[in-house]
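S.K.: Residue numbers (our numbering): 87 to 572.
Below, the structure written as structure tokens:
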């Protein structure tokens, strides 16, 4: 029996060697010792000297720019036949289409698994030939690792990969150049990595994805490390369904995404600037508006996960309520798609500093840096100038801080007259509703927060319905204070 297994293994290995030799011949001309490959997409033989490509590098993608409720579930490596079929059955159960980055050697060993992946409607891409650390290889070695994996996958499945991912997701300029040299569209990384290879259980994997799920996100899991990945599929599917997100293939996500303009090409990116030399700049603190109209402005501060903010956006959409969101910009930097989604849902997006300091505790120069960096981060995320309102974290403001903010380009400082301390998880949904209903009057600015693990989401529908019953309508804060006419 042992001899039979050794013989079968040797026979499989010999078959792979023969396949790779055949692919080498297929990939170019008959080689000579003096042959070289000139720079240019999709050129070359593995036995020729590979000249580094000098054209434009392939894109490096860790997430896709989109406000749509879509993200990609991707897998690296190829497990054994039983594991892969269990995984595919689980994906079928939840009608999820995924992207599999397969190593060329594993496809050569068990092509039937790769064909089954395609037959079930999934996508196959390149995980290199042997899953080596490409960042430690020469350009020629990188080229061959990607090139030969492409050839194996295409021969065995008929599919030509468009994207490549290394084993760890790490890459350098040579990896991007070699991918471009081979005519590939992008080098793929990820922005949602539950680190299943650390032998986490299904609950931990699912909880991580639920917490960091994001529009345009790319989830990275492995098929050959931890069997708990299979059980985690149900939890990932549940997390996506709860906020109406769709799990799609990477290629579909890429096609639905957009290109972000560089910051300097966006009008208004420089409306906020460091300016410490202004002489007695004027600023205005707006707590509410003196009016008989039963109008109020609903505002949200800080930042939260996609799950939390998406639930807020869904409630506002259901009740047809516009709002103003004051964004903590270091959160925006990590998830620009969410900021864009807020804007695309018809709300205003404004400045709440970069890192949420108490602005009366920092010097004017540091405060202006906070304001300017936030302005740039929000502008780049939403691809247009934000509403030029500034709200101080914690609501603390003094004359020195007001002048510094105004000098930096934000002379209107958006305060509020209705607060329920909803940021404190000890305050229940009913506490929040009671505070809003008892304090709101015509022209009020209502302060709420978009933080995770507080009770604002529970309170919001009841508060909106209660105010509407009292005859109130909702407007964005800039509209209520008539900024555009000033």
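Ideal placement from N, C-alpha and C gives every residue a C-beta, glycine not left out. None of the values given here were measured: they were computed from a predicted structure.
1) CB-CB under 6 angstroms to residue 547, same chain, minus the five flanking residues each way: which ones, in chain order?
2) Using the C-alpha atoms, what's the distance from residue 333 back to residue 274?
3) Assuming the contact rule is C-beta atoms closer than 8 angstroms, residue 368 and residue 436 should be a hit. Round their C-beta distance to whole Å, please.
4) Taking residue 242 as the reference, which of 406, 204 and 152 has the closest Cα?
5) What do you reckon, are the CB atoms on residue 162 and residue 221 nearer than 8 angstroms?
6) Pick from 215, 405 and 420: whose alpha carbon is nearest that of residue 555?
7) Okay, do the segment 179-193 and the segment 231-242 touch, 3+ Cβ pairs below 8 angstroms being the bar?
8) In three-state DSSP terms, what is residue 168?
9) So, for residue 488: in the same chain, excluding its five sequence neighbours on each side, which residues have a beta-carbon less than 8 angstroms away from its beta-carbon?
10) Could you tell me the alpha carbon to alpha carbon distance between residue 216 and residue 293, rounded to whole angstroms?
11) With a cut-off of 8 angstroms on the beta carbons, I'd call residue 345 and residue 151 a contact; round off their distance for me.
12) Is the distance from the Cβ of residue 335 to the Cβ of residue 184 below 8 angstroms?
13) Does the contact criterion of 3 or more C-beta pairs under 8 angstroms hold for the segment 378-385 versus the segment 353-365?
14) Put residue 204 into one of helix, strand or coil per three-state DSSP.
15) Check whether the segment 276-294 touches the segment 173-184, counting contact only when three or more Cβ pairs, one atom from each stretch, lie closer than 8 angstroms.
16) Identify the continuous alpha helix (DSSP H) that holds residue 259 and give its terminal residues.
17) Does the segment 538-553 come close enough to the segment 496-515 to have 3 or more Cβ pairs within less than 8 angstroms?
18) Assign residue 449 to buried or exposed, taking buried as 16 or more other Cβ atoms, counted over all protein chains shown, within 10 Å of its Cβ.
19) Distance, Cα to Cα, residue 30 vs residue 225?
20) For residue 218, which residues from the same chain have a beta carbon less than 7 angstroms from its beta carbon, with the 5 sequence-adjacent residues on both sides left out?
21) State the beta-bridge partners of residue 252 as determined by DSSP.
22) When the Cα atoms are used, what is the spatial distance from residue 255 to residue 276?
23) May I ask you to report which of helix, strand or coil DSSP gives residue 437?
24) If we define contact as Cβ-Cβ less than 8 angstroms, is residue 427 a contact residue for chain C?
25) Using only the alpha-carbon positions, how far apart do residue 286 and residue 314 sit?
26) Taking residue 198 as the reference, which of 442, 227, 164 and 410 has the closest Cα?
27) Does residue 557 pass the burial test, meaning 16 or more other C-beta atoms within 10 Å, or should it be called exposed?
28) Reducing DSSP to helix, strand and coil, say where residue 357 ends up.
29) Please look up how many angstroms separate the CB atoms of residue 552 and residue 519, rounded, as I've assumed it's under 8 angstroms.
30) Excluding the five sequence neighbours on either side, which residues of its own chain have a C-beta within less than 6 angstroms of the C-beta of residue 209, listed in chain order?
31) Which same chain residues end up closer than 6 angstroms to residue 515 when comparing Cβ atoms and leaving out the 5 residues on each side of it in sequence?
32) Using DSSP bridges, identify the partner residues of residue 385.
33) Identify every residue that forms a DSSP beta bridge with residue 477.
34) Pop quiz: residue 159 and residue 182 are said to be a contact at Cβ under 8 angstroms. What is the actual Cβ separation, rounded to whole angstroms?
35) When we look at the beta-carbon of residue 478 and count the other beta-carbons within 10 Å, is it buried (16 or more) or exposed?
M.R.: On the basis of the data shown:
1) Here the question's residue 547 lines up with position 461 in the chain shown. Closer than 6 angstroms at Cβ, skipping near neighbours: 401.
2) For the purposes of this step, residue 274 is identified with residue 188 of the chain shown, where counting begins at 1. For the purposes of this step, residue 333 is identified with residue 247 of the chain shown, where counting begins at 1. One C-alpha to the other measures close to 17 angstroms.
3) Locating residue 368 in the chain shown gives position 282, where the first residue counts as 1. Locating residue 436 in the chain shown gives position 350, where the first residue counts as 1. Residue 436 and residue 368 do not touch by the CB rule: their CB atoms are close to 19 angstroms apart, not below 8 angstroms.
4) If you number the chain shown from 1, residue 242 lands on position 156. Out of 406, 204 and 152, the CA that lies nearest to the CA of residue 242 is found in 204.
5) Here the question's residue 162 lines up with position 76 in the chain shown. Here the question's residue 221 lines up with position 135 in the chain shown. In this structure, residue 221 does not lie closer than 8 angstroms to residue 162 by Cβ.
6) To locate residue 555, count along the chain shown from 1; it is residue 469. Taking only the C-alpha atoms, the option nearest residue 555 is 405.
7) Because the criterion of three Cβ pairs below 8 angstroms is met, the segment 179-193 and the segment 231-242 touch.
8) Counted from its first residue, the chain shown places residue 168 at position 82. In the structure shown, the three-state DSSP call for residue 168 is helix.
9) Here residue 488 refers to the residue found at position 402 of the chain shown. Cβ within range, chain order: 369, 371 and 499.
10) Here residue 216 refers to the residue found at position 130 of the chain shown. Here residue 293 refers to the residue found at position 207 of the chain shown. Rounded to whole angstroms, residue 216 to residue 293 spans 31 angstroms at the Cα level.
11) Along the chain shown, read from residue 1 onward, the residue named residue 345 stands at position 259. Along the chain shown, read from residue 1 onward, the residue named residue 151 stands at position 65. With 8 angstroms as the limit, residue 345 and residue 151 qualify as a contact, their Cβ atoms being about 7 angstroms apart.
12) Locating residue 335 in the chain shown gives position 249, where the first residue counts as 1. Locating residue 184 in the chain shown gives position 98, where the first residue counts as 1. The answer is yes: Cβ separation under 8 angstroms.
13) No, the segment 378-385 does not touch the segment 353-365.
14) To locate residue 204, count along the chain shown from 1; it is residue 118. Three-state DSSP puts residue 204 in a helix.
15) Not touching, per the Cβ criterion.
16) Numbered from its first residue, the chain shown carries residue 259 at position 173. First-last of the alpha helix (DSSP H) with residue 259: 259-267.
17) Enough Cβ pairs lie closer than 8 angstroms, so yes.
18) For the purposes of this step, residue 449 is identified with residue 363 of the chain shown, where counting begins at 1. Residue 449 is classed as exposed because its beta carbon has fewer than 16 other beta carbons within 10 Å across all chains shown.
19) For residue 30 there is no data in the structure shown, the boundaries of the chain being 87 and 572.
20) As a first step, residue 218 must be located in the chain shown, where it is residue number 132. Spatial neighbours of residue 218 in its own chain (CB-CB distance under 7 angstroms, excluding positions within 5 residues in sequence) are listed in chain order as 231.
21) Sequence index remark: in the chain shown, residue 252 carries index 166 (1-based). Beta-bridge pairing links residue 252 to no other residue.
22) Numbered from 1 along the chain shown, position 169 holds the residue referred to as residue 255. Numbered from 1 along the chain shown, position 190 holds the residue referred to as residue 276. C-alpha separation (whole angstroms): 7 angstroms.
23) Locating residue 437 in the chain shown gives position 351, counting from the first residue. In the three-state DSSP reduction, residue 437 falls in the strand class (E or B).
24) Here chain C cannot be found, since the structure has a single protein chain.
25) The residue you call residue 286 lines up with position 200 of the chain shown. The residue you call residue 314 lines up with position 228 of the chain shown. One C-alpha to the other measures close to 7 angstroms.
26) One-based indexing of the chain shown puts residue 198 at position 112. Out of 442, 227, 164 and 410, 164 has the C-alpha closest to the C-alpha of residue 198.
27) On the chain shown, position 471 is the one that residue 557 refers to. Exposed, because fewer than 16 other Cβ atoms sit within 10 Å of the Cβ of residue 557.
28) Within the chain shown, numbered from 1, the residue matching residue 357 stands at position 271. Three-state DSSP puts residue 357 in coil, outside helix and strand.
29) Counted from its first residue, the chain shown places residue 552 at position 466. Counted from its first residue, the chain shown places residue 519 at position 433. Separation of the CB atoms of residue 552 and residue 519 is rounded to 7 angstroms, and the pair is thereby assigned contact status at 8 angstroms.
30) Translated into positions along the chain shown, residue 209 becomes position 123. Contacts found: 185, 335 and 337.
31) The residue given as residue 515 occupies position 429 in the chain shown. Excluding positions up to five away in sequence, the list reads 541, 544 and 545.
32) Counted from its first residue, the chain shown places residue 385 at position 299. The partner list for residue 385 (beta bridge, DSSP) reads 410 and 533.
33) Walking along the chain shown from the start, residue 477 turns up at place 391. Under DSSP, residue 477 shares a beta bridge with no residue.
34) The count along the chain shown starts at 1 and reaches residue 159 at position 73. The count along the chain shown starts at 1 and reaches residue 182 at position 96. The C-beta distance from residue 159 to residue 182 rounds to 6 angstroms, short enough to fall under 8 angstroms.
35) In the chain shown, the residue the question calls residue 478 occupies position 392. Classification of residue 478: buried, given that the 10 Å Cβ count is 16 or more.
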